[in-house]
Amino acid sequence: MKSATAIAHPNFALIKYWGKSNFGGNIPAMSSLAITLDSMISETTVSFPDDLKQDTWILNEVEQPSLGQIKPPCEHLKKISPIDQPCLIESKNNFPTAAGLASSASGIASLITALDNALGTKLSNQQMIEAAMLGSGSAARSLFSGFVHLEVVQDQLNCATILAAEEWPLNVIVCVTSTKQKTISSRQGMEISRKTSPMYNDWVSNHQEDMELALQAIAAKNFDQLGKIAEQNCLKMHKVMKTSQPPIDYWNPATYTCVETVKNMQGKGMPVFFTIDAGPQVKIICEPDVCKDVVSLMERVPGVQSIIESSLGKGARIIHE
């Protein structure tokens, strides 16, 4: 029986989504724009041992009690596959899991890619996008490389690379301020915000303006414009979280200090900006010629446990079959 191993990279949104649509199927309430990172990797192997009684998921060498969020995409692909046999799914990340570093996105993208190969389903790009969305609202973005636009129009999805990594080679410095798992998952948090935040409706209705400005900045390779709109969009999302009931605050003291440090760098004319997803980690985007200086400054920030340096990455792909 065939096996396959795939890798995918996490992606970090510059224009974010926070909230699900009313159409079901785990569809985001808004479009998003992200970058993939090459130094952070999720790897998934799918195989079919003869003695396996049921689908089994091993994450970072620990067998999971259930398939959890990978169950919907697994069931979806198995329904359309000619192979009807329990599968063993072995996944691992070379970075902290469930800590605001998009491990679910890269994990699901690597899973879908490996499953499609091992099961022989031969999905189209659009079918891959739809399958990935069943597991994570941001997983489809990790199927692609460089700058990725996930466009949502009602219940229709389109995801594609809008600028290849090599066309605008930026660096990303990830400041890890905690490796603990989040107490509130992104999916739970989005639903809380949708139901309770007084800022949620404005967040959704004004989102397209941010997207258009960011797309213009990328087309022009205007670093300053992209940085301003990305930071603004990030802070608006976190205001939605913090005005939810109960308030959702993923930041810790080191998160705030990292932001202050980035602002100080900007004040000195350095080409840098920050973004923060649903977690305490701070991602700093910079031009390559200042990368070493940025790392040196961030290493001195109290509470920064580790730093991950990365360039922009490729899309999900098979590495062994």
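Be aware that the sequence shown starts at 0, since it is given in numbering that gives the first Met the number 0, and climbs by one per residue. Every residue, glycine too, gets a C-beta built ideally from N, C-alpha and C. None of the values given here were measured: they were computed from a predicted structure.
Original post:
Which residues in the same chain as residue 136 place their Cβ atom closer than 6 Å to its Cβ, once the five residues preceding and following it in sequence are excluded?
Top reply: To locate residue 136, count along the sequence shown from 1; it is residue 137. The residues are 25, 27.
Original post:
alpha helix (DSSP H) containing residue 193: first to last residue?
Top reply: Locating residue 193 in the sequence shown gives position 194, counting from the first residue. Unbroken alpha helix (DSSP H) run through residue 193: 185 to 195.
Subject >> Close-in-space but distant-in-sequence residues of the same chain around residue 306 (CB under 8 Å, 5 per side omitted) >> reply: As a working mapping, residue 306 is identified with position 307 in the sequence shown. Correct list, in chain order: 172, 173, 174, 175, 294, 297, 298.
**OP:** Put residue 8 into one of helix, strand or coil per three-state DSSP.
**Re:** For the purposes of this step, residue 8 is identified with residue 9 of the sequence shown, where counting begins at 1. Residue 8: coil per DSSP, three-state reduction.
**OP:** Could you please give the first and the last residue of the uninterrupted beta strand (DSSP E) stretch that includes residue 300?
**Re:** Here residue 300 corresponds to residue number 301 of the sequence shown, with the count starting at 1. Taken as a continuous stretch (DSSP letters only), residue 300 belongs to no beta strand (DSSP E), as it is neither H nor E.
Original post:
According to the neighbour-count rule (16 or more other Cβ atoms, all chains shown, within 10 Å of its Cβ), is residue 79 buried or exposed?
Top reply: What you label residue 79 is simply residue 80 of the sequence shown in a count that begins at 1. Around the Cβ of residue 79, a 10 Å sphere holds fewer than 16 other Cβ atoms; the residue is exposed.
Subject >> Buried versus exposed call for residue 208 [16 or more other C-beta atoms within 10 Å across all chains shown] >> reply: Counted from its first residue, the sequence shown places residue 208 at position 209. Exposed is the label assigned to residue 208, since fewer than 16 other Cβ atoms lie within 10 Å of its Cβ.
Subject >> Enclosing alpha helix (DSSP H) for residue 89 [first to last residue] >> reply: As a working note, residue 89 is residue 90 in the sequence shown. Here residue 89 belongs to no alpha helix (DSSP H); instead the beta strand (DSSP E) covers 87 to 92.
Subject >> Contact set for residue 91: own chain, Cβ-Cβ below 6 Å, skip 5 residues either direction >> reply: In the sequence shown, residue 91 corresponds to position 92, counting from 1. Counting only Cβ-Cβ distances below 6 Å, and skipping sequence neighbours, we find 42, 59.
**OP:** Mind listing, in chain order, the continuous beta strand (DSSP E) runs of no fewer than 3 residues lying wholly within the region 35 to 92?
**Re:** Counting only runs of 3 or more residues that sit fully inside the region 35 to 92, the beta strand (DSSP E) segments are 41 to 46, 55 to 58, 87 to 92, in chain order.
Original post:
Would a C-beta distance cut-off of 8 Å place residue 119 and residue 82 closer than the cut-off?
Top reply: As a position in the sequence shown, residue 119 is number 120, starting the count at 1. As a position in the sequence shown, residue 82 is number 83, starting the count at 1. The answer is yes: Cβ separation under 8 Å.
**OP:** Would you identify the three-state DSSP class for residue 274, choosing helix, strand or coil?
**Re:** Along the sequence shown, read from residue 1 onward, the residue named residue 274 stands at position 275. Here residue 274 sits in strand by DSSP.
Original post:
How about the region 177 to 197 and the region 139 to 155: do they share at least three Cβ pairs that are nearer than 8 Å?
Top reply: no
Subject >> Delimiting residues of the alpha helix (DSSP H) encompassing residue 160 >> reply: As a first step, residue 160 must be located in the sequence shown, where it is residue number 161. Looking at the DSSP string, residue 160 is not in any alpha helix (DSSP H); the run it does join, the beta strand (DSSP E), is 155 to 162.
Original post:
Can you find at least 3 beta carbon pairs, one from the region 235 to 254 and one from the region 185 to 201, that sit closer than 8 Å?
Top reply: yes
Original post:
In terms of alpha-carbon separation, which member of 77, 124, 12 lies closest to residue 157?
Top reply: What you label residue 157 is simply residue 158 of the sequence shown in a count that begins at 1. Nearest of 77, 124, 12 to residue 157, Cα basis: 124.
Original post:
When burial is assigned at 16 or more other CB atoms within 10 Å of the CB, is residue 154 buried or exposed?
Top reply: Here the question's residue 154 lines up with position 155 in the sequence shown. It counts as exposed.
Original post:
Start and end of the alpha helix (DSSP H) containing residue 324?
Top reply: Look at the range of the chain in this structure, 0 to 320, and you will see that residue 324 is not part of it.
**OP:** Mind checking which residues open and close the alpha helix (DSSP H) that includes residue 143?
**Re:** As a first step, residue 143 is located in the sequence shown; it is residue number 144 there, counting from the start. Element bounds for residue 143: n/a, residue is neither H nor E.
Original post:
Excluding five sequence neighbours on each side, which residues of the same chain lie with their C-beta closer than 6 Å to the C-beta of residue 20?
Top reply: Position 21 of the sequence shown holds residue 20. Around residue 20: 26, 28.
**OP:** Indicate whether the contact test is met: 3 or more Cβ pairs, each with one atom in the region 163 to 172 and one in the region 53 to 71, closer than 8 Å.
**Re:** no
Original post:
Less than 8 Å separating the beta-carbons of residue 285 and residue 303?
Top reply: As a working note, residue 285 is residue 286 in the sequence shown. As a working note, residue 303 is residue 304 in the sequence shown. No, they are not a contact pair.
**OP:** Whole angstroms is fine: what's the gap from residue 18's alpha carbon to residue 234's?
**Re:** Your numbering for residue 18 matches position 19 in the sequence shown. Your numbering for residue 234 matches position 235 in the sequence shown. Straight-line Cα distance between these residues: approximately 15 Å.
Original post:
Alpha carbon to alpha carbon, how far is residue 213 from residue 95?
Top reply: For the purposes of this step, residue 213 is taken as residue 214 along the sequence shown, with counting starting at 1. For the purposes of this step, residue 95 is taken as residue 96 along the sequence shown, with counting starting at 1. Cα to Cα, the separation comes out at about 29 Å.
**OP:** Alpha carbon to alpha carbon, how far is residue 266 from residue 318? Give it in angstroms, no decimals.
**Re:** Along the sequence shown, one-based indexing puts residue 318 at 319. Along the sequence shown, one-based indexing puts residue 266 at 267. Those two C-alpha atoms are separated by around 44 Å.
Original post:
Going by Cα to Cα distance, which pick from 251, 8, 256 is closest to residue 109?
Top reply: Within the sequence shown, residue 109 is the residue found at index 110, counting from 1. Nearest option by C-alpha distance: 8.
Original post:
Can you list, in chain order, the stretches of the beta strand (DSSP E) that have 3 or more residues and sit fully within the region 233 to 285?
Top reply: 271 to 274, 281 to 285
Original post:
Does the Cβ of residue 262 have 16 or more other Cβ atoms within 10 Å, making it buried, or fewer, making it exposed?
Top reply: For this step, residue 262 is matched to residue 263 along the sequence shown. It counts as exposed.
Original post:
Taking all protein chains shown into account, do 16 or more other C-beta atoms lie within 10 angstroms of the C-beta of residue 74, making it buried, or fewer, making it exposed?
Top reply: Translated into positions along the sequence shown, residue 74 becomes position 75. Label assigned to residue 74: exposed.
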